[in-house]
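Listed in order, the protein sequences are those of chains S and H.
Each residue of the first sequence is one higher than the one before, counting from 0 in numbering that gives the first Met the number 0.
Each residue of the second sequence is one higher than the one before, counting from 0 in numbering that gives the first Met the number 0.
Here a beta-carbon is modelled for each residue, glycine too, at the ideal position from N, C-alpha and C.
Following: one structure in structure tokens, then a few remarks.
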Amino acid sequence: MTTLAPPPQKAPPQDVRRKGVTERQRPLWLLTPGGLLMVLIILIPLVLALWISLIDLDQYTLRRWVEAPFIGLGNYVESFSSGLLNSIWISVSFSVLSTIATVPIGIAAALVTQNKYRGRALVRAVFLIPYVLPSFVVATVWRTMLQPDGVVNHWLSQIGIDGGLWLSGPRSYWALVIVEIWAAWPFIYLLSLAALQSVDHEVHEASAVDGATWWPKLRRVILPYLRGPVLLACLLATLNHINNFTLPFVLFGAPAPDDVNVMPMLVYVTSFQSLRFGLSAAMAVLSLVLIAIPLFIYLRAVRLDVHEEGGRR
Amino acid sequence: MNSRKLTALAGVSALALALAACGGGDDGGEGGAGKTLNVLIAANTQYPEEFQAWQKTISDKFKAATGADVKFETFASANDELTKIQTSVVSGSGPDVYAVGTTFTPTAYSTGAFVKLGDEEWQKIGGKEKFNPATLGISGPDEQNQVGIPWVSRPFVMAYNTDLLKAAGIEKPATTWDELTQQAKQLTKGDQFGLAIAYKDNFDPWKFVWGMSVQAGNPLVDGKTAKLQDPTVQKAYQTYFGWLTNDKVVDPAAIGWTNPQAVAAFAKGKTGYFMLTTPTAINSLEQGAVKGKWKFAVLPTVPPGATSRPANGIEAASILSGDNLLVADYSKNKDLAFEYVKLVTDQEAQLDYYKKFGNLPANAAALQTLSTDAQLEPVTEAAKKSVATPFTGAWADIQLALTNVAVQSLPDLSKGSLSPAQIDTRIADAQKAAQTSLDRAK
Numbered sequence: 000m001t002t003l004a005p006p007p008q009k010a011p012p013q014d015v016r017r018k019g020v021t022e023r024q025r026p027l028w029l030l031t032p033g034g035l036l037m038v039l040i041i042l043i044p045l046v047l048a049l050w051i052s053l054i055d056l057d058q059y060t061l062r063r064w065v066e067a068p069f070i071g072l073g074n075y076v077e078s079f080s081s082g083l084l085n086s087i088w089i090s091v092s093f094s095v096l097s098t099i100a101t102v103p104i105g106i107a108a109a110l111v112t113q114n115k116y117r118g119r120a121l122v123r124a125v126f127l128i129p130y131v132l133p134s135f136v137v138a139t140v141w142r143t144m145l146q147p148d149g150v151v152n153h154w155l156s157q158i159g160i161d162g163g164l165w166l167s168g169p170r171s172y173w174a175l176v177i178v179e180i181w182a183a184w185p186f187i188y189l190l191s192l193a194a195l196q197s198v199d200h201e202v203h204e205a206s207a208v209d210g211a212t213w214w215p216k217l218r219r220v221i222l223p224y225l226r227g228p229v230l231l232a233c234l235l236a237t238l239n240h241i242n243n244f245t246l247p248f249v250l251f252g253a254p255a256p257d258d259v260n261v262m263p264m265l266v267y268v269t270s271f272q273s274l275r276f277g278l279s280a281a282m283a284v285l286s287l288v289l290i291a292i293p294l295f296i297y298l299r300a301v302r303l304d305v306h307e308e309g310g311r312r
Numbered sequence: 000m001n002s003r004k005l006t007a008l009a010g011v012s013a014l015a016l017a018l019a020a021c022g023g024g025d026d027g028g029e030g031g032a033g034k035t036l037n038v039l040i041a042a043n044t045q046y047p048e049e050f051q052a053w054q055k056t057i058s059d060k061f062k063a064a065t066g067a068d069v070k071f072e073t074f075a076s077a078n079d080e081l082t083k084i085q086t087s088v089v090s091g092s093g094p095d096v097y098a099v100g101t102t103f104t105p106t107a108y109s110t111g112a113f114v115k116l117g118d119e120e121w122q123k124i125g126g127k128e129k130f131n132p133a134t135l136g137i138s139g140p141d142e143q144n145q146v147g148i149p150w151v152s153r154p155f156v157m158a159y160n161t162d163l164l165k166a167a168g169i170e171k172p173a174t175t176w177d178e179l180t181q182q183a184k185q186l187t188k189g190d191q192f193g194l195a196i197a198y199k200d201n202f203d204p205w206k207f208v209w210g211m212s213v214q215a216g217n218p219l220v221d222g223k224t225a226k227l228q229d230p231t232v233q234k235a236y237q238t239y240f241g242w243l244t245n246d247k248v249v250d251p252a253a254i255g256w257t258n259p260q261a262v263a264a265f266a267k268g269k270t271g272y273f274m275l276t277t278p279t280a281i282n283s284l285e286q287g288a289v290k291g292k293w294k295f296a297v298l299p300t301v302p303p304g305a306t307s308r309p310a311n312g313i314e315a316a317s318i319l320s321g322d323n324l325l326v327a328d329y330s331k332n333k334d335l336a337f338e339y340v341k342l343v344t345d346q347e348a349q350l351d352y353y354k355k356f357g358n359l360p361a362n363a364a365a366l367q368t369l370s371t372d373a374q375l376e377p378v379t380e381a382a383k384k385s386v387a388t389p390f391t392g393a394w395a396d397i398q399l400a401l402t403n404v405a406v407q408s409l410p411d412l413s414k415g416s417l418s419p420a421q422i423d424t425r426i427a428d429a430q431k432a433a434q435t436s437l438d439r440a441k
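What follows is the structure, encoded as structure tokens:
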């Protein structure tokens, strides 16, 4: 329930004239270089991956890979008995948890740096540190901190908590979630901040005139503005979490503890330690399908926006 | 049929493009003599500058001898190396010579992309006799099918703190695992521990288990059968975990250690033995508090629970560890490749490499000259008593399965207890994985 509707967008005056030109005589051939690149970089590897997932490709057949036996869906069937379902569950739950936890942090950080004050630029810069650090560095530093006799357990013991093992066993899952949250919240923060900046000045003025205090203003005026961008940020962040390989790999190494055997780790071990390229391609294809689901929702959401704008015109 | 050809074509063109994009130009004809030999070798992060200098020296010598150039290409991790082998194998072009880790040799062999060495090839590099016989143990599945030419060895030994052992009244380092446990107990008191072990290392744990099992007469693989579910393996894990849980001779923090962390702990001078190391650790040890107060010793070769090796037990002091050189089957410069191999496996080059990087010579004569070095004596002995891990394409999986038992047991270890039943369950999983992989082996 918004008390203030966003102001209607002003349509550019020459819009109608240009529309006719773009729709009829669009110079589509200009897309050829990009299209070719897409075919080369995305389409061909994708088709190859699909093909490899259907053949029994391993170290023994690699050399004559074109002649590797075709086994249909055999690799897909084997994927499910090789712990793929468990890995999917770990990946999805870890990603969703991380996203849910990063949203309030990101929004809060954006609100904190919205108004001008001395040192705001510095705070903004500091907030970005986790985001700009390479994943490898983040993981290495956290791995050192989370050692059984590391800093984290030292601090915990000072407040009377026995930290135990963070990089092995059930707690490794929470270690992964915590480190991912630490590294990923600035993404939500960035998009929320961008959305906050786009709130019209008049809106702030109007709510001031109406005498709205900070909480009703935040809840009923500002947050509705953030809804769209933050939802998109959530989708993108979840996809990023699911695809994150460096973090679990550097934190836990391979073979990973069962509790953090996320999909990218499983595919890595299958591919580069067991050398079952066919099987790992099948796993990768299945994980692509999984990732395609939120992606589909995302694309739909973007398209809906376009339609809305078109409707306004 | 048609679609297959199309896919193949697409794949080959994609690969060709990818290779071109990587700038990995194949043997071009820029040198005066017109030929360039491409050598793929592991990057040396420990001594990067010396490694550059070594490459320069070898290139110069090679140029003087053959008139051709050598181009070194380095890889940072086993993963990089595998990717390189994959693309080269599939496209039929790439490095001419590969330096490959011993335990990776069976995998490389199973791709069938490397030259099998007949008498003629061995002659070209100076004969099979010039190598320490033990190092040939992992060159191929049998004498007739060898692909790996031994280049350097890095046998595993243990290091011990001479002062601590002396203070505890121990005259000489243990030669049986039971004796080691006993000594470790004597050495453990206060903030001092008997053993430094890297429980969280991704490569160490399986070496203990393999060694103890082989000494007890179980080589883990018998033809096409995995023999992990065996009392010898169970006993090995019990001993290995028991040091932490029952005997309490290891720092509890060791549960999070990788091998470099265990080196660092031993270097502080508060630990009796550092269990699994190679001469490449000498520099790290000499920089620590333990400087001048440590020695290498051969790892125990009598299985746990025994005072002498059973009749079928093997005196395995270390896995056969180091690097082999492999010549690519697709190489158009095979003669040059063998020239290169000859050059780097000659006595002089081998000793030079040892001095720079601490990797032991595979060349028998070069190794012999080092046996007079008191510090190295146990290491050269371990090099001679090294035993090859089973030569099967499934070994990578078996190694992984054995390590996984340790990885998944860490939480129980930290709680201080691990029942034989728990170990059994995990060994059963490992057995299943190992057997599945062996079933696929060709």
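*asked:* Distance check for alanine 261/H and alanine 215/S, CA to CA, integer angstroms please.
replied: The amino acid at residue 215/S is misidentified as alanine; the sequence shows proline. For proline 215/S and alanine 261/H, the distance between alpha carbons rounds to 58 Å.
_Selection from Leu238/S, Ala255/S and Leu250/S that minimises the alpha carbon distance to leucine 96/S_ = Leu238/S
*Under 8 Å from the C-beta of isoleucine 313/H: neighbouring residues of chain S*: Correct list: empty, because the minimum Cβ distance to chain S is about 27 Å.
*Who are the neighbours of alanine 427/H on chain S, taking C-beta pairs under 9 Å?*
Those within 9 Å of alanine 427/H in chain S number zero; the least Cβ separation is about 15 Å.
*asked:* Does any residue of chain H have a CB that is nearer than 7 Å to the CB of glycine 252/S?
replied: yes
*Any Cβ of chain H within less than 7 Å of the Cβ of glycine 71/S?*
no
_So alanine 305/H and glycine 287/H are supposed to be a Cβ contact under 8 Å. How far apart are they, rounded?_
Wrong, their Cβ atoms sit about 34 Å apart, outside the cutoff.
*Through-space distance from threonine 257/H to leucine 39/H, alpha-carbon basis*: 27 Å
*In whole angstroms, what is the alpha-carbon distance linking tryptophan 165/S and valine 261/S?*
16 Å
*Proximity test, Cβ basis, 7 Å: glutamine 421/H and chain S*: no
*When you compare each of Gln434/H, Ser408/H and Leu412/H to threonine 424/H by their alpha carbons, which one comes out closest?*
Ser408/H
*For phenylalanine 265/H, which of helix, strand or coil comes out of DSSP?*
helix
*Considering only C-alpha positions, which residue in the set Ser270/S, Arg63/S, Val220/S and Phe271/S is nearest to serine 197/S?*
Val220/S
*In chain H, which residues lie less than 7 Å from leucine 274/S when you measure between Cβ atoms?*
Thr106 and Ala395
*Given alanine 361/H as reference, the closest of Gly136/H, Asp79/H and Glu120/H once Cα atoms are compared*: Gly136/H
_Extent of the continuous alpha helix (DSSP H) run through proline 223/S_ = 222 to 242
*Beta carbon of threonine 36/H, beta carbon of asparagine 332/H: below 7 Å?*
Note on identity: in this sequence residue 36/H is leucine, with threonine being the wrong assignment. Yes, the Cβ-Cβ distance between leucine 36/H and asparagine 332/H is below 7 Å.
*Which parts of the stretch 302 to 347 of chain H are runs of the alpha helix (DSSP H), unbroken and 4 residues or longer, counting only runs that do not cross its ends?*
333 to 344
*Go through the stretch 36 to 93 of chain H residue by residue and report every complete run of the alpha helix (DSSP H) that reaches 4 residues or more, in order.*
47 to 65 and 77 to 90
*asked:* Run through chain S and tell me which residues come within less than 9 Å of isoleucine 196/H, C-beta to C-beta.
replied: Going along chain S, no residue has its Cβ under 9 Å from isoleucine 196/H, so there is no contact; the nearest lies around 14 Å.
*Of all the options Ser87/H, Gln51/H, Gln349/H and Pro140/H, which has the alpha carbon lying nearest to the alpha carbon of alanine 440/H?*
Pro140/H
*Contact between the stretch 127 to 140 of chain S and the stretch 184 to 193 of chain S: three or more CB pairs below 8 Å?*
yes
*Could you please give the first and the last residue of the uninterrupted beta strand (DSSP E) stretch that includes phenylalanine 272/H?*
Correcting the residue identity first, residue 272/H is tyrosine in this sequence and not phenylalanine. Where tyrosine 272/H is concerned, the enclosing beta strand (DSSP E) stretches over 270 to 276.
_Contacts around leucine 192/S, its chain only, beta-carbon distance under 6 Å, and the 5 residues preceding and following it disregarded_ = Ala109
*asked:* Any beta carbon of chain S sitting closer than 7 Å to that of isoleucine 254/H?
replied: yes
_Contact with chain S by glutamine 143/H, beta-carbon distance below 7 Å_ = no
*Excluding the five sequence neighbours on either side, which residues of its own chain have a C-beta within less than 6 Å of the C-beta of threonine 231/H, listed in chain order?*
Ser212, Ala215 and Asn217
_Distance cutoff 7 Å, beta carbons only. Does tyrosine 59/S sit that close to anything in chain H?_
yes
*So, helix, strand or coil for phenylalanine 520/H, using DSSP?*
With chain H covering 0 to 441 only, the question about residue 520/H has no answer from this structure.
_alanine 98/H to threonine 86/H span [Cα, whole Å]_ = 16 Å
_tryptophan 173/S, enclosing alpha helix (DSSP H) - first and last residue_ = 170 to 196
*Alpha carbon to alpha carbon, how far is leucine 246/S from alanine 195/H? Give it in angstroms, no decimals.*
28 Å
*When you check each C-beta in the stretch 162 to 174 of chain S against every C-beta of chain H, which residues fall closer than 9 Å?*
Gly163, Leu164, Trp165, Leu166, Ser167, Gly168, Pro169, Arg170 and Ser171
*asked:* Distance cutoff 7 Å, beta carbons only. Does leucine 39/H sit that close to anything in chain S?
replied: no
_Using CA atoms only, rank isn't needed, just tell me which of Asp221/H, Glu120/H, Val114/H and Gln122/H is closest to glutamine 430/H._
Asp221/H
*On the premise that proline 303/H lies in contact with alanine 235/H, defined as a C-beta separation below 8 Å, what is that separation, rounded to the nearest angstrom?*
7 Å
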